[in-house]
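**Q** With the first letter of the sequence shown counted as 1, position 103 gets the number 103 in this note's numbering; the numbers rise by one all the way through. First the structure, which I've put down as structure tokens, then a few questions once you've had a look.
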Amino acid sequence: MIIIADGGSTKTNWCLLDNAGKKVYFNTEGYNPYFVNSEYIVNSLKKGLPKDLPYDQIAEVNYYGAGVHNEEKASVVVEALKQVFVNSHVFVGHDLLAAARALLGDKAGFAAILGTGTNTCVYNGEEIIHNIDSAAYILGDEGSGCYIGKKLLTDYIRGYMPEDVREIFWETYKLTPDDVMDAVYTKPLANRFCASFSKFVYDVTVNINYSRGIVQASFDDFFRNLVSRYPDYQSYTFNCIGSVGYNFRNVLEETAIQYGMKVGRIVRSPIDDLVQYHINKSVR
């Protein structure tokens with residue numbers, strides 16, 4: 001038996017693949033090592049994983065996660081997983097590698113993530129060969145759920161949000177501008193807090209031009225500051241994984257075309273294609 005996991009900053013999708021090829025899917029919260037430590041991950045997994053998981057029969061765990069940018073950050077996740085899956089070989093890779101393998105398999109091309117955070121890369125069919133750092137949610141992450149949420153919250157705090165939208169925002173969340181500032185600057189996991197408001201942008205049914213404008217500006221920043229910085233970027237097809245890219249795919253496709261890129265696959269979650277990648281890899 002093997003486990004394949006795709007971990008974002010908000011949620012982790014897991015798949016247990018048994019020896020007969022049966023797939024069992026389950027979810028836990030996300031574990032970005034920039035925001036949580038090994039102890040936090042262990043405690044969360046013990047609560048969140050299925051109680052009947054056959055730990056002693058799992059030969060390997062292939063975990064791809066947000067924030068696993070280097071050996072130090074990867075070790076935070078590795079240490080936690082080894083405490084939970086004590087008999088398993090543990091591999092921890094970047095969620096961007098998961099996106100590339102899910103979107104492109106063994107083919108070369110361009111892959112992106114647009115979820116709670118953002119990332120992009122050029123992939124050679126096996127590994128990532130070029131990545132422009134997204135600079136995370138404070139300095140960058142253009143186009144992400146967090147970025148969209150920050151734009152909305154900034155408008156709310158500054159009084160720029162149209163009154164009809166502001167009324168619905170208040171009815172939905174009952175948050176004052178001071179509450180927002182407190183959540184962002186004094187409480188943990190501010191990235192998740194900000195990203196949660198991208199759902200409001202998606203769901204709000206009044207003043208569509210306003211909400212669409214926030215998304216358009218966010219995706220334009222994403223292409224201008226990240227995607228278009230890759231050499232010969234227009235020679236690649238644009239492929240993307242993530243709930244934000246998927247939910248706002250009409251705007252995303254328009255923006256990609258404006259920047260001269262053909263649109264390929266836009267997928268909500270990589271887990272199914274990532275599982276298939278590992279199945280194909282095992283039979284090669």
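All residues carry an ideal CB built from backbone N, CA and C; glycine is no exception.
What is the residue span of the alpha helix (DSSP H) that Gly242 lies within?
**A** That residue, Gly242, is in no alpha helix (DSSP H); it is neither H nor E in DSSP.
**Q** Looking only at DSSP bridge pairs, what is Asn13 linked to?
**A** DSSP lists Asp6, Asn27 as the bridge partner or partners of Asn13.
**Q** Is the CB-CB distance between Gly48 and Gly30 below 7 Å?
**A** At a Cβ-Cβ threshold of 7 Å, Gly48 and Gly30 do not count as neighbours.
**Q** Where Leu226 and Pro54 are concerned, what is the direct C-alpha to C-alpha distance, given to the nearest angstrom?
**A** Whole-angstrom Cα-Cα distance: 42 Å.
**Q** Where do the ends of the beta strand (DSSP E) carrying Tyr63 lie?
**A** 60-65
**Q** Between which two residues does the alpha helix (DSSP H) holding Arg166 run?
**A** 163-173
**Q** Are the beta-carbon atoms belonging to Thr118 and Asp141 less than 7 Å from one another?
**A** yes
**Q** With contact counted as at least three CB pairs below 8 Å, one residue from each stretch, are the segment 141-150 and the segment 209-228 in contact?
**A** yes
**Q** Just reading off the beta strand (DSSP E) that Arg265 is part of, what are its end residues?
**A** Its beta strand (DSSP E) spans residues 262-267.
**Q** Distance, Cα to Cα, Ile241 vs Arg101?
**A** 11 Å
**Q** Does Asn87 come out as helix, strand or coil in the three-state DSSP assignment?
**A** coil
**Q** Just the C-alpha distance for Tyr277 and Leu45, rounded to the nearest angstrom, thanks.
**A** 25 Å
**Q** How would you label Tyr123, buried or exposed, when you count the other beta carbons within 10 angstroms and need 16 or more for buried?
**A** buried
**Q** What are the boundary residues of the beta strand (DSSP E) that includes Leu226?
**A** Note, Leu226: premise wrong, no beta strand (DSSP E); not H, not E.
**Q** Could you spell out where the alpha helix (DSSP H) holding Gly48 opens and where it closes?
**A** 38-48
**Q** What is the DSSP secondary structure of Val92, reduced to helix, strand or coil?
**A** strand
**Q** Pull up the distance between the alpha-carbon of Asp18 and that of Glu71, whole angstroms please.
**A** 29 Å
**Q** Indicate the three-state DSSP secondary structure (helix, strand or coil) for Ala100 in the structure shown.
**A** DSSP places Ala100 in helix when its eight states are reduced to three.
**Q** With Ile58 and Ile2 assumed to form a contact (beta carbons below 8 Å), what rounded beta-carbon distance in angstroms separates them?
**A** 7 Å
**Q** So if DSSP puts Thr118 in a beta bridge, which residue, or which two residues, is it bridged to?
**A** Residue pairing from DSSP places Thr118 in a beta bridge opposite Leu114.
**Q** Taking the Cβ atom as the reference point for each residue, do Tyr202 and Ser228 lie within a distance shorter than 7 Å?
**A** no
**Q** Taking one C-beta from the segment 233-249 and one from the segment 263-281 each time, how about it: are there three or more such pairs within less than 8 Å?
**A** yes
**Q** Helix, strand or coil, according to DSSP, for His69 in the structure here?
**A** Looking at His69 - three-state DSSP - the assignment turns out to be coil, as it is neither helix nor strand.
**Q** Over what stretch of residues does the beta strand (DSSP E) that includes Ile128 continue unbroken?
**A** 128-130
**Q** In this structure, does DSSP put Gly145 in helix, strand or coil?
**A** helix
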